[in-house]
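Single-structure report; data block below.
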Amino acid sequence: MTINEIQEEIIEEFAGFEDWMDKYAYLIELGTDLQGLDEQYQTDQNLIKGCQSKVWFNASLEEGKVKLEADSDAIIVKGIAALLIRVFNNQNPEDIMNADLNFIDEIGLKQHLSPTRSNGLVSMVKQIKMYGIAFNHVK
Numbered sequence: 001m002t003i004n005e006i007q008e009e010i011i012e013e014f015a016g017f018e019d020w021m022d023k024y025a026y027l028i029e030l031g032t033d034l035q036g037l038d039e040q041y042q043t044d045q046n047l048i049k050g051c052q053s054k055v056w057f058n059a060s061l062e063e064g065k066v067k068l069e070a071d072s073d074a075i076i077v078k079g080i081a082a083l084l085i086r087v088f089n090n091q092n093p094e095d096i097m098n099a100d101l102n103f104i105d106e107i108g109l110k111q112h113l114s115p116t117r118s119n120g121l122v123s124m125v126k127q128i129k130m131y132g133i134a135f136n137h138v139k
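Take the sequence shown: its position 39, counting from 1, is numbered 39 in full-length UniProt numbering, and each next residue is one higher.
Written out as structure tokens, the structure is:
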């Protein structure tokens with residue numbers, strides 16, 4: 001699936017929830033289901049700056065596709081990371097670089113987060129885009 005197709009799928013899923021308590025519960029479920037990140041990758045180098053909670057991302061390039069892993073000490077943040085991984089994992093670096101993330105605004109995620117969590121979301125997206133730029137030059 002393309003990044004845009006995955007975003008549309010997420011928008012449809014979130015449209016099915018009655019209110020934001022249900023959406024938060026879904027984010028918590030996503031966070032609980034996220035495999036997490038091996039401790040060896042939970043380093044300062046992989047730590048996302050600008051996030052209230054600790055959140056780590058690790059990326060690799062395998063057969064021309066970016067592979068992402070993440071973990072956080074906060075379950076909602078872990079759920080947000082799981083959403084971002086769903087959108088960007090196994091995508092081409094160039095597609096990641098050029099992606100327009102409309103699903104974040106469409107589902108109302110940013111406006112329902114605290115300012116520090118919202119900053120953390122922006123920082124996570126920036127880091128993933130940086131992986132796309134870095135791996136695009138590796139090809």
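Using N, Cα and C, we set each Cβ at its ideal position, and we do this for glycine too. Computed from a predicted model, the values in this text were never measured in an experiment.
Pick from the options: whose alpha carbon is nearest that of residue i?
| i | options | result |
| --- | --- | --- |
| glutamine 35 | Gly79, Lys49, Gln52 and Lys54 | Gly79 |
| isoleucine 3 | Ile76, Tyr26, Val125 and Asp100 | Asp100 |
| isoleucine 10 | Gly108, Met124, Glu39 and Leu37 | Gly108 |
| valine 77 | Met124, Gln7, Ala134 and Glu12 | Met124 |
| glutamate 94 | Tyr131, Ile85, Glu106 and Gln111 | Tyr131 |
| isoleucine 28 | Ile48, Leu83, Phe135 and Asn102 | Leu83 |
Mapping DSSP to helix, strand and coil, what is residue i?
| i | result |
| --- | --- |
| glutamine 127 | helix |
| alanine 99 | coil |
| leucine 113 | coil |
| glutamine 40 | helix |
| glutamine 91 | strand |
How would you write the range of the alpha helix (DSSP H) that residue i sits in, first residue to last?
| i | result |
| --- | --- |
| aspartate 105 | 103-106 |
| leucine 27 | 20-33 |
| residue 141 | Coverage of the chain is limited to positions 1 through 139, which leaves residue 141 absent and any answer about it impossible. |
| asparagine 4 | 3-15 |
| glycine 79 | 75-88 |
Measuring only the C-alpha atoms, how far is residue i from residue j?
| i | j | result |
| --- | --- | --- |
| leucine 113 | leucine 68 | 23 Å |
| asparagine 58 | alanine 70 | 6 Å |
| histidine 137 | methionine 1 | 23 Å |
| threonine 43 | alanine 81 | 17 Å |
| serine 60 | tyrosine 41 | 12 Å |
| tyrosine 26 | threonine 116 | 20 Å |
| glutamate 5 | valine 87 | 9 Å |
| asparagine 90 | methionine 21 | 30 Å |
| aspartate 73 | glutamate 63 | 31 Å |
| threonine 32 | isoleucine 133 | 30 Å |
Let's see if you can read the secondary structure: which residues bound the beta strand (DSSP E) around residue i?
| i | result |
| --- | --- |
| valine 55 | 55-62 |
- [ ] Examine the Cβ distances between the region 37-54 and the region 109-128 and report whether three or more of them are shorter than 8 Å.
- [x] yes
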